[in-house]
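K.L.:
Numbering (this note's numbering), first residue to last: 6 to 544.
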RNA sequence: GGGGGCGUAGCUCAGUCGGUAGAGCAGUGGACUUUUAAUCCAUUGGUCGGGGGUUCGAGUCCCUCCGCCCCUACCA
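1. Enumerate, from N- to C-terminal direction, the unbroken beta strand (DSSP E) stretches of 3 or more residues contained entirely within the stretch 105-166.
2. Considering only residues of the same chain and omitting the five flanking positions on each side of residue 408, which have a CB-CB separation below 6 Å?
3. Looking at C-alpha atoms only, which residue of 448, 477, 457, 482 is the closest neighbour of residue 466?
4. Could you work out which residue in 111, 104, 68, 85 is closest to residue 3 when comparing CA atoms only?
5. Suppose contacts are defined by Cβ-Cβ distances below 8 Å. Is residue 568 in contact with residue 364 by that definition?
6. Straight-line CA distance for residue 344 to residue 361?
7. Give the DSSP-derived three-state secondary structure of residue 281 in the structure shown.
8. Work out the CA separation of residue 247 and residue 496 for me, nearest whole Å.
9. Looking at C-alpha atoms only, which residue of 180, 57, 367 is the closest neighbour of residue 105?
10. At the level of alpha carbons, what is the spacing between residue 42 and residue 143?
11. What does the alpha-carbon distance come out to for the pair residue 156 and residue 238?
12. Going by other Cβ atoms of all chains shown within 10 Å of its Cβ, with 16 needed for buried, is residue 462 buried or exposed?
13. Using 8 Å for Cβ pairs, my map puts residue 99 next to residue 169. What's the rounded Cβ distance?
14. I'd like the ranges of any alpha helix (DSSP H) spanning at least 4 consecutive residues and lying wholly in the stretch 318-374.
15. Grab the span of the beta strand (DSSP E) containing residue 263 for me, first residue to last.
16. For residue 257, write down the residues that DSSP places opposite it in a beta bridge.
17. Hey, out of 308, 29, 166, 236, whose CA is closest to residue 555's CA?
18. DSSP three-state call for residue 519: helix, strand or coil?
19. Measure the alpha-carbon distance for residue 234 versus residue 301 and round it to whole angstroms.
20. Check this for me: beta carbons of residue 296 and residue 271, under 8 Å apart or not?
21. Return the chain-ordered list of same chain residues with a C-beta closer than 6 Å to the C-beta of residue 65, the five sequence neighbours on each side being excluded.
22. Could you tell me the distance, in whole angstroms, from the CA atom of residue 260 to the CA atom of residue 46?
23. Using the rule of at least 16 other Cβ atoms within 10 Å of the residue's Cβ for burial, across every protein chain shown, is residue 573 buried or exposed?
24. Can you pull the DSSP bridge partners for residue 492?
25. Measure the CB-CB distance between residue 191 and residue 204 and report whether it falls below 8 Å.
26. Between the alpha carbons of residue 373 and residue 455, how many angstroms are there, rounded?
27. Can you tell me the Cα-Cα spacing of residue 28 and residue 154, whole angstroms?
28. Using only alpha-carbon positions, find the residue among 542, 534, 294, 539 that is nearest to residue 216.
29. Three or more C-beta pairs closer than 8 Å, one from the stretch 473-485 and one from the stretch 414-424: is that the case here?
30. By alpha-carbon positions, which one of 526, 120, 538, 26 ends up nearest to residue 218?
31. Determine the DSSP secondary structure at residue 24, reduced to helix, strand or coil.
32. Quick check on the burial criterion: 16 or more other C-beta atoms within 10 angstroms. Buried or exposed for residue 292?
33. State the DSSP-derived secondary structure class of residue 243, mapped to helix, strand or coil.
34. Can you list, in chain order, the residues of its chain whose CB lies under 7 Å from that of residue 240, leaving out five sequence neighbours each side?
35. Please report the straight-line C-alpha distance between residue 475 and residue 500, rounded to a whole angstrom.
36. Applying the criterion that 16 or more other CB atoms from any shown protein chain within 10 Å of the CB defines a buried residue, is residue 197 buried or exposed?
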């Protein structure tokens, strides 16, 4: 074992190791035999592969080629070495790092292709003549998937490919696990989710999606900050799971010996901050809901929730529209798309045009052909569609709940998925915690944004009368079944906060995972969550 | 919860009517100093997801369990 080695491996029983891993261990030993530690050290001044390609200098490359040719010709003509014309080499040099994705060994010349997060493939040539001896040996013994650093001048090959003509190659890390097939890549969905560390390097699209996700979240923060919002962090561990109607996860805190819930929404804490005097606040963080998983639901999901004191539903709709347009701009730039029409599956969604706004009642009547106030027609339609008209215990649903069943079955799917659309003016009884419209108390000042057939997030004018809030809380609690009442109780402190006085406000929440799905053109939430929830593997 | 599909070499996949388990890539040995999925010669590699059954014989048929995917239902 090499004296350079700083990490000494525990011996592993070789009969338990797959023969392909054993072979890779043997190649690692061969590198050690060269006196090189296969697990390298800190390396400064690395250039990203995309930047390395941009640094190529055609004129310098040509000048170098001419001077090499001239010296070769002079040697052939018998010119003594001391009288040869000077070697001209102003080619830019780079030091690069990446995973080996292709390896072509031509004997005394080895071709490698490296990949990093900025480029799928960048070619490196390792020649016995021009590279140092250890580096050449490393290149010969490299396996696909190893992490290498290479250094040398940028040149263009006969075939026209910009290449680093290495004079040094150093191993940085060994890939002992055989990588996916070099061309087809990793296609097994389960492996992609379970071993995201492989998927990320082996599937360039995966790296692109998560890079884009990061850019979008960053752009969102910059946008909101520039609008005068401040970012806050409120409890994820809550003694009561409020702010939404969803089944929470339960945990226990030993120090205080109390049960705690993982939050289902930050809403009630953010509103407390408005009471405290923060005017514009937002939080980007995880919510947890103990419910089913499907293409649009992961048990933990990221939401931006935002409150604007002295605003209302319409003012936060306006913020959302400008925010999403800005994010579409970032996504378009990142994906190399001109304009603000972004593909999502078969759809082309136009983020540049003003978002549609339609009242709930108008959308209902437009799609059903009769007004939602025509309860006989509504019940008839619900029956015809085979919709639920009573609850689990057989108690008939209120008219408005049946209206909503019909609405969700017929009107909601009729929203043009290619046009971001706010549905506004919901029936008040559907949104008990929303402030009623000032002109018509049967209507709640709530707007839901739909894009690409998905519900992206609600917008509200917030209730700020503590007595009404308390009455609605109590009304809601009275209607709970046994299971729900175990995790939902009266939030007296929130009512106390409202008694201190919360300014009128608009609030909204956007599902960031769904937004990233739309802007990164991914059909399932699992493809925009790095480590989606999976059943544990058995040992 | 209900229905459907899938699971074969490290990876990507074939496998006919139930009759000795296959290919490409990767790997290994060899040749090669401008390759591009390099090429050429030789070659290793399998508990066919696990268990049980039917059969002279099971990757293939049946039962069961595990995992994943899709549809559907539930879900602020």
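Every residue, glycine too, gets a C-beta built ideally from N, C-alpha and C.
P.N.:
Concretely, from the data shown:
1. Secondary structure remark: continuous beta strand (DSSP E) runs of at least 3 residues inside the stretch 105-166, in chain order: 114-121, 124-132, 152-161.
2. Mapped onto the first chain, residue 408 falls at position 403. Only residues of its own chain outside the window of five on either side were considered, and among them 377, 383 have a CB closer than 6 Å to the CB of residue 408, listed in chain order.
3. Here residue 466 corresponds to residue number 461 of the first chain, with the count starting at 1. For the residues 448, 477, 457, 482, the minimum Cα distance to residue 466 belongs to 448.
4. With the chain covering 6 to 544 only, the question about residue 3 has no answer from this structure.
5. Since the displayed the chain opens at 6 and closes at 544, residue 568 lies outside it and no answer follows.
6. Sequence index remark: in the first chain, residue 344 carries index 339 (1-based). Sequence index remark: in the first chain, residue 361 carries index 356 (1-based). Straight-line Cα distance between these residues: approximately 19 Å.
7. By one-based count along the first chain, residue 281 stands at place 276. Note: residue 281 maps to helix in three-state DSSP.
8. Within the first chain, numbered from 1, the residue matching residue 496 stands at position 491. Within the first chain, numbered from 1, the residue matching residue 247 stands at position 242. Rounded to whole angstroms, the separation of the alpha carbons of residue 247 and residue 496 is 8 Å.
9. Your numbering for residue 105 matches position 100 in the first chain. When each option's Cα is compared against that of residue 105, the closest is 180.
10. In the first chain, counting from the first residue as 1, residue 42 sits at position 37. In the first chain, counting from the first residue as 1, residue 143 sits at position 138. Their Cα atoms are separated by approximately 10 Å.
11. For the purposes of this step, residue 156 is identified with residue 151 of the first chain, where counting begins at 1. For the purposes of this step, residue 238 is identified with residue 233 of the first chain, where counting begins at 1. Each residue's Cα considered, the two are about 44 Å apart.
12. The residue you call residue 462 lines up with position 457 of the first chain. Burial call: buried.
13. Mapped onto the first chain, residue 99 falls at position 94. Mapped onto the first chain, residue 169 falls at position 164. Their Cβ separation, rounded to whole angstroms, is 6 Å, which keeps residue 99 and residue 169 in contact under 8 Å.
14. Runs of the alpha helix (DSSP H) inside the stretch 318-374: 318-340, 365-373.
15. One-based indexing of the first chain puts residue 263 at position 258. From DSSP, the beta strand (DSSP E) with residue 263 extends over 263-267.
16. Here residue 257 refers to the residue found at position 252 when the first chain is read from its first residue. According to the DSSP secondary-structure assignment, residue 257 is paired through a beta bridge with 264.
17. Since the first residue shown for the chain is 6 and the last is 544, residue 555 is missing from the structure and cannot be characterised.
18. Numbered from 1 along the first chain, position 514 holds the residue referred to as residue 519. It is helical.
19. Translated into positions along the first chain, residue 234 becomes position 229. Translated into positions along the first chain, residue 301 becomes position 296. Rounded to whole angstroms, residue 234 to residue 301 spans 28 Å at the Cα level.
20. As a working note, residue 296 is residue 291 in the first chain. As a working note, residue 271 is residue 266 in the first chain. Contact check for residue 296 against residue 271 fails: the beta carbons are separated by 8 Å or more.
21. To locate residue 65, count along the first chain from 1; it is residue 60. 95, 96.
22. Taking the first chain and counting its residues from 1, the one referred to as residue 260 is at position 255. Taking the first chain and counting its residues from 1, the one referred to as residue 46 is at position 41. The alpha-carbon atoms of residue 260 and residue 46 are separated by roughly 42 Å.
23. Examination of residue 573 is not possible in this model, given that the chain is present from 6 through 544 alone.
24. Stepping through the first chain from its first residue, residue 492 is reached at position 487. Looking at the DSSP assignment, residue 492 forms no beta bridge with any residue, so it has no partner.
25. Taking the first residue of the first chain as 1, we reach residue 191 at position 186. Taking the first residue of the first chain as 1, we reach residue 204 at position 199. It is a contact, given that the beta carbons lie within the stated cut-off.
26. As a first step, residue 373 must be located in the first chain, where it is residue number 368. As a first step, residue 455 must be located in the first chain, where it is residue number 450. So the alpha carbons of these two residues sit roughly 19 Å apart.
27. Position 23 of the first chain, counting from 1, holds the residue named residue 28. Position 149 of the first chain, counting from 1, holds the residue named residue 154. So the alpha carbons of these two residues sit roughly 22 Å apart.
28. Taking the first chain and counting its residues from 1, one reaches residue 216 at position 211. Cα-wise, what sits closest to residue 216 is 534.
29. Too few Cβ pairs lie closer than 8 Å, so no.
30. Counting from 1 along the first chain, the entry for residue 218 is found at position 213. For the options 526, 120, 538, 26, the alpha carbon positioned closest to that of residue 218 is the one of 526.
31. In the first chain, counting from the first residue as 1, residue 24 sits at position 19. The answer is helix: DSSP assigns residue 24 an H, G or I state.
32. For the purposes of this step, residue 292 is taken as residue 287 along the first chain, with counting starting at 1. By the C-beta density criterion, residue 292 is buried, having at least 16 other C-beta atoms within 10 angstroms.
33. In the first chain, the residue the question calls residue 243 occupies position 238. Looking at residue 243 - three-state DSSP - the assignment turns out to be strand.
34. Position 235 of the first chain, counted from the start, is the residue given in the question as residue 240. Correct list, in chain order: 268, 274.
35. As a first step, residue 475 is located in the first chain; it is residue number 470 there, counting from the start. As a first step, residue 500 is located in the first chain; it is residue number 495 there, counting from the start. Distance between residue 475 and residue 500, taken at the CA atoms: about 6 Å.
36. Residue mapping note: residue 197 aligns to position 192 of the first chain, counting from 1. It is buried - the Cβ of residue 197 has at least 16 other Cβ atoms within 10 Å.
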